[in-house]
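>
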Amino acid sequence: EQQTTTTQIAAEIDNQIRQKLEGATTEAEALRQDAERRAALLGLETAMVSGLPLTDSAVRLQDAGIDIPEPLAALIAAPVTLPDLQGSIAEATRAALLAARKADMGDTLTDRLATFLQTQTGARPLAPQEGDTPEAVLSRIEGHVRSGDIAAAREQIASLPPAAQDALAPWATQADLYIAGRAALVTLLQE
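Residue numbering for the sequence shown follows my numbering, beginning at 4 and increasing consecutively.
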């Protein structure tokens, strides 16, 4: 009877050890999968802000078992990164300013001459300015983009005259793609 009790105790101890090992193994696997998922998401975020190709990150997301939401899939299919937007904003704002100036040359001969000279020289403010003139709004847009705040830059576009908005439309489309993809990524990071 003593031996039976000892055998039962040993079997119970073995069973408890096996259960704890299985639990630890399951927990370790869950932690590994979570780490892979997080690394894949952070890799994509790094690619988006540094200008690295997004396709490698997309493969890592799929390998980690992450369902890629549509806005993020669209961004990966037509990659737009922060450096892309930063690199194209100066040309886009110059075109928008030119369009705004041509649309509103002024009422007097002096106004028209001043606008003509500004248009010919491409003169524009380089630092963000206060005010609601196209020059001021475009300077703030560029300032936001340089600092990486694409959403704030995108919001400012609505306060421009229609001609300037039209000139910025291709850049704004790229910005919208980036903003939507970034929002989807943030949501995934919070899960």
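Glycine included, each C-beta is placed from N, C-alpha and C at the ideal position.
Who are the Cβ neighbours of Q36 in its own chain at under 8 Å, not counting the five residues just before and after it?
Working through the sequence shown from its first residue, we reach residue 36 at position 33. For Q36, where only same-chain residues beyond five positions count, the Cβ hits under 8 Å are A67 and G68.
> Please identify the residue among S53, Q65, A99 and P72 whose C-alpha is closest to the C-alpha of V83.
The sequence position of residue 83 within the sequence shown is 80, counting from 1. The residue with the shortest Cα to Cα distance from V83 is S53.
> So, for S60: in the same chain, excluding its five sequence neighbours on each side, which residues have a beta-carbon less than 6 Å away from its beta-carbon?
Against the sequence shown, residue 60 aligns to sequence position 57. G46, L47 and A50, listed in sequence order.
> I need the straight-line Cα distance from E39 to A76, nearest angstrom please.
Residue numbering aside, residue 39 sits at position 36 when the sequence shown is read from its first letter. Residue numbering aside, residue 76 sits at position 73 when the sequence shown is read from its first letter. Computed Cα separation, rounded: 19 Å.
> Are A81 and L191 close, meaning C-beta to C-beta below 9 Å?
Against the sequence shown, residue 81 aligns to sequence position 78. Against the sequence shown, residue 191 aligns to sequence position 188. No; because the gap between Cβ atoms is not below 9 Å, this pair is not in contact.
> What do you get for G26, buried or exposed, if any count of 16 or more other CB atoms within 10 angstroms of its CB means buried?
In the sequence shown, the residue the question calls residue 26 occupies position 23. With fewer than 16 Cβ atoms within 10 Å of its Cβ, G26 is classed as exposed.
> Thinking just about the alpha-carbon of each residue, which of L24, A31, Q65 and L163 is nearest to the one in A42?
Here residue 42 refers to the residue found at position 39 of the sequence shown. The shortest C-alpha separation from A42 is found at Q65.
> Quick check on the burial criterion: 16 or more other C-beta atoms within 10 angstroms. Buried or exposed for G90?
Here residue 90 refers to the residue found at position 87 of the sequence shown. Exposed: under 16 other Cβ atoms inside 10 Å.
> When the Cα atoms are used, what is the spatial distance from A187 to A170?
Counting from one through the sequence shown, the residue named residue 187 turns up at place 184. Counting from one through the sequence shown, the residue named residue 170 turns up at place 167. Going from the Cα of A187 to the Cα of A170 covers about 28 Å.
> Leaving out the 5 sequence neighbours to the left and right, which residues in its chain are closer than 7 Å to A102 when beta-carbon positions are compared?
Position 99 of the sequence shown, counting from 1, holds the residue named residue 102. Excluding positions up to five away in sequence, the list reads A166, A167, D169 and A170.
> Run through DSSP, which three-state label would V62 get?
Within the sequence shown, residue 62 is the residue found at index 59, counting from 1. Three-state result, V62: helix.
> Could you tell me if A95 is buried or exposed, where buried requires 16 or more neighbouring beta carbons within 10 angstroms of its beta carbon?
Indexing the sequence shown from 1 puts residue 95 at position 92. By the neighbour-count rule (16 or more Cβ atoms within 10 Å), A95 is buried.
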